[in-house]
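In terms of full-length UniProt numbering, the sequence shown opens at residue 1 and continues consecutively.
For glycine and all other residues, C-beta sits at the position ideal for the given N, C-alpha and C.
These numbers come from a predicted model, not from an experiment.
Below: one structure, written as structure tokens.
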Amino acid sequence: MRASLLSQRVTLDQQKVFSLFNPVICSCSLPVNFDKCLLCKKLSATRSFLGFRLSPTPECPTHSAPRHCTRACRVVFLYALLVQAPAKDIIIMSNINYAPTVWSRADALKVNENDPTTTQPLVKPDFPVMSDKVFIWDTMPLRELDGTVVSVNGWSVIVTLTADRHPDDPQYLGANGRYDIKRDWEDRHGRARMCYWYSRTGKNWIFGGRVMAEGVSPTTREWAGTPVLLNDKGDIDLYYTCVTPGATIAKVRGRIVTSDQGVELKDFTQVKKLFEADGTYYQTEAQNSTWNFRDPSPFIDPNDGKLYMIFEGNVAGERGTHTVGAAELGPVPPGHEEVGGARFQVGCIGLAVAKDLSGEEWEILPPLVTAVGVNDQTERPHYVFQDGKYYLFTISHKFTYADGVTGPDGVYGFVGEHLFGPYRPMNASGLVLGNPPAQPFQTYSHCVMPNGLVTSFIDSVPTSGDDYRIGGTEAPTVRILLKGDRSFVQEEYDYGYVPAMKDVQLS
């Protein structure tokens, strides 16, 4: 059996017992062997849209064999066993026995906030704003499933997390009667909405309005995701996160209409919930009230042609129960063995696979990268496929790092030769592009595009003394060079420059 995700079509005769089994060794060097349990057949059957997938109960009542490694890495070894299946053709997703790549504390100790090759240029305090009516932050360029950023009939489109500014609202007026923009900015997440902008030039964006009308999304907050152009008819799937109550990966389908005057996104009226955290691979709200589960990014694997999705998650388990073991530590130098409260930081990059290219049904898979003991947030993960490599990017904060390790707000990356890894931290540490120490909060929510351009938003920039200026607008675009396992900052462009890589003419 190949050590990769594999689809097999098999025909089973009535009453025939067919098993797919691959003994494996966990990355914690714990053997996982279900021979006895397979023989006693104390398994529970579940039907999957990928075929019949039978998995063991959490513990075999006869032999007490665990279904997955009990160490913090939580590597899950999947196999299939078909018992007395009716004669039919079925699809089996078999041998998904990859171990998540561990972003270790030893890796994170290599982060260098002063490396000029991984430091974003300083943002000037006299930056322009896109709008004095709204704040924007996470920026999502319209793209295809291979990551190509597209324009439609010559119009570039971005979707942003957006919230109204309230300069005249009494609740945001200070004691001196002046507008407290800082407090207004910090409250934005509770009223986040998906809005779109369009441009002929990939900059100087024109505000288009809400993607979904009020009341279409089933929750009170609309959080980040990915807008995907599906075809030359103008159909778009907007994958996003429904938040409060709960956190659900969802999508809504609509269409783009263009004219010489502008762009309209229409008919985004039916939201389809796709999946939530399961508590087995990914932490749930019941396991941790401050859990993270959001930011869907769908893509076509260039090797197998299947539709997958990566997203932000936390490693499953009750808060505070995770172990920072040898794998999570890595080869740390003397004096760095103590981890303090690092067990509370359990970020991961999750993976799911779709039944087909329609993206209507999904199955959750184990994480691709875990950051137990390193960082609690791996936001907005996304891929760039280049030179036969998988460049996996994510963003994170300084304040979400665990005790004893640190790094700047910015974009982090991992590189491998296969979707399921293993991955290596880029630049040895994982840091790809961080804020300069002199302006640690200047930008965030970086998105690396296949052409090497990186977009982000301005958070706050120092002005004089202890004063600073709130942004809520697009930052200057930066280009990075990807070269093997390394990255290098190259050039800086205009504010919010997101040029299309391809123009799609609607039929």
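Residue i classed as buried or exposed, judged by whether at least 16 other C-beta atoms fall within 10 angstroms
{"i": "GLU417", "result": "exposed"}
{"i": "LYS502", "result": "exposed"}
{"i": "PHE299", "result": "buried"}
{"i": "GLY154", "result": "exposed"}
{"i": "ARG343", "result": "buried"}
{"i": "PRO86", "result": "For PRO86, the pLDDT reaches just 34, beneath the cut-off of 50, and the residue's location in the model is therefore unreliable, leaving the point undetermined."}
{"i": "PRO227", "result": "buried"}
{"i": "SER259", "result": "exposed"}
{"i": "ASP301", "result": "buried"}
{"i": "PRO367", "result": "buried"}
{"i": "ASN288", "result": "buried"}
{"i": "ASN303", "result": "exposed"}
{"i": "ASP295", "result": "buried"}
{"i": "LEU453", "result": "buried"}
{"i": "CYS69", "result": "Residue placement at CYS69 is poorly supported in this model, since its pLDDT is 38, which falls under 50; the coordinates still yield a value, given next. Buried: at least 16 other Cβ atoms inside 10 Å."}
{"i": "ASN292", "result": "buried"}
{"i": "ASP232", "result": "exposed"}
{"i": "THR463", "result": "exposed"}
{"i": "PHE457", "result": "buried"}
{"i": "ASN114", "result": "exposed"}
{"i": "SER507", "result": "exposed"}
{"i": "THR201", "result": "exposed"}
{"i": "ASP138", "result": "buried"}
{"i": "LEU357", "result": "exposed"}
{"i": "LYS483", "result": "exposed"}
{"i": "GLU186", "result": "exposed"}
Residue-chain proximity (residue i, chain B), Cβ-Cβ < 8 Å
{"i": "SER104", "result": "In summary, chain B is missing from the structure at hand, where a single protein chain is found."}
Neighbourhood of residue i by C-beta distance below 6 Å, restricted to the same chain and skipping five residues each side
{"i": "PRO331", "result": "ALA106"}
{"i": "residue 516", "result": "The structure shown has nothing for residue 516, since the chain only spans 1 to 507."}
{"i": "SER55", "result": "Caution applies to SER55, whose pLDDT of 37 falls short of 50 and renders its modelled position unreliable; the value that the coordinates give is listed next. Excluding sequence neighbours, SER55 sits near nothing in its chain."}
{"i": "LEU329", "result": "ARG105"}
{"i": "THR280", "result": "ALA316"}
{"i": "TYR493", "result": "THR477"}
Assumed close pair residue i, residue j - CB separation to whole angstroms, cut-off 8 Å
{"i": "VAL150", "j": "LEU229", "result": "5 Å"}
{"i": "GLY359", "j": "LEU307", "result": "6 Å"}
{"i": "VAL157", "j": "LEU142", "result": "4 Å"}
{"i": "MET212", "j": "PHE127", "result": "29 Å between Cβ atoms; not a contact."}
{"i": "GLY373", "j": "ALA402", "result": "5 Å"}
{"i": "THR394", "j": "THR378", "result": "4 Å"}
{"i": "SER297", "j": "PRO381", "result": "6 Å"}
Cα-Cα separation, residue i to residue j
{"i": "ALA475", "j": "GLN439", "result": "13 Å"}
{"i": "PHE488", "j": "GLN270", "result": "42 Å"}
{"i": "SER460", "j": "ASN435", "result": "11 Å"}
{"i": "GLY254", "j": "ALA352", "result": "23 Å"}
{"i": "VAL216", "j": "VAL243", "result": "13 Å"}
{"i": "MET140", "j": "HIS336", "result": "39 Å"}
{"i": "PHE311", "j": "GLY209", "result": "26 Å"}
{"i": "GLN386", "j": "THR321", "result": "38 Å"}
{"i": "ASN176", "j": "ASN375", "result": "40 Å"}
{"i": "PRO422", "j": "THR219", "result": "36 Å"}
{"i": "ASP466", "j": "PRO125", "result": "13 Å"}
{"i": "PRO121", "j": "ASP169", "result": "35 Å"}
{"i": "TYR179", "j": "GLN171", "result": "9 Å"}
{"i": "ILE136", "j": "GLY496", "result": "11 Å"}
{"i": "THR290", "j": "ALA428", "result": "30 Å"}
{"i": "THR117", "j": "VAL415", "result": "17 Å"}
{"i": "ALA286", "j": "GLY317", "result": "10 Å"}
{"i": "ASP278", "j": "VAL346", "result": "15 Å"}
{"i": "GLY388", "j": "VAL369", "result": "19 Å"}
{"i": "TYR196", "j": "THR160", "result": "6 Å"}
{"i": "GLY147", "j": "GLY410", "result": "20 Å"}
{"i": "MET130", "j": "ILE206", "result": "8 Å"}
{"i": "ASP235", "j": "ILE256", "result": "7 Å"}
{"i": "ARG221", "j": "THR455", "result": "23 Å"}
{"i": "PRO437", "j": "GLY313", "result": "28 Å"}
{"i": "TYR198", "j": "VAL263", "result": "7 Å"}
Close-in-space but distant-in-sequence residues of the same chain around residue i (CB under 7 Å, 5 per side omitted)
{"i": "GLN490", "result": "ARG479, ILE480, LEU481"}
{"i": "HIS166", "result": "TYR172, ASP184"}
{"i": "PRO425", "result": "TRP103, ASP107, PHE414"}
{"i": "LYS398", "result": "THR406, GLY407, PRO408, ASP409, PRO440"}
Beta-carbon proximity list for residue i, same chain, < 8 Å, skipping 5 on both sides
{"i": "PHE275", "result": "THR248, ILE249, ALA352, TRP362, ILE364"}
Check: residue i C-beta below 7 Å from any heavy atom of the ligand COA
{"i": "MET212", "result": "The ligand COA is absent from the structure shown, which contains no ligand whatsoever."}
> If you scan the stretch 102 to 186 from start to end, which runs of the alpha helix (DSSP H) of 4 or more residues do you find wholly inside it?
Replying inline: 105 to 108, 181 to 186
> Can you give, in chain order, each stretch of the beta strand (DSSP E) that sits fully within the stretch 397 to 478 and has at least 3 residues?
Replying inline: 410 to 416, 431 to 434, 443 to 448, 453 to 462, 468 to 474
>> At 3 residues or longer, what runs of the beta strand (DSSP E) sit wholly inside the stretch 202 to 254?
In response: 206 to 210, 221 to 229, 235 to 243
>> I'd like the ranges of any beta strand (DSSP E) spanning at least 3 consecutive residues and lying wholly in the stretch 288 to 365.
In response: 294 to 300, 307 to 314, 346 to 354
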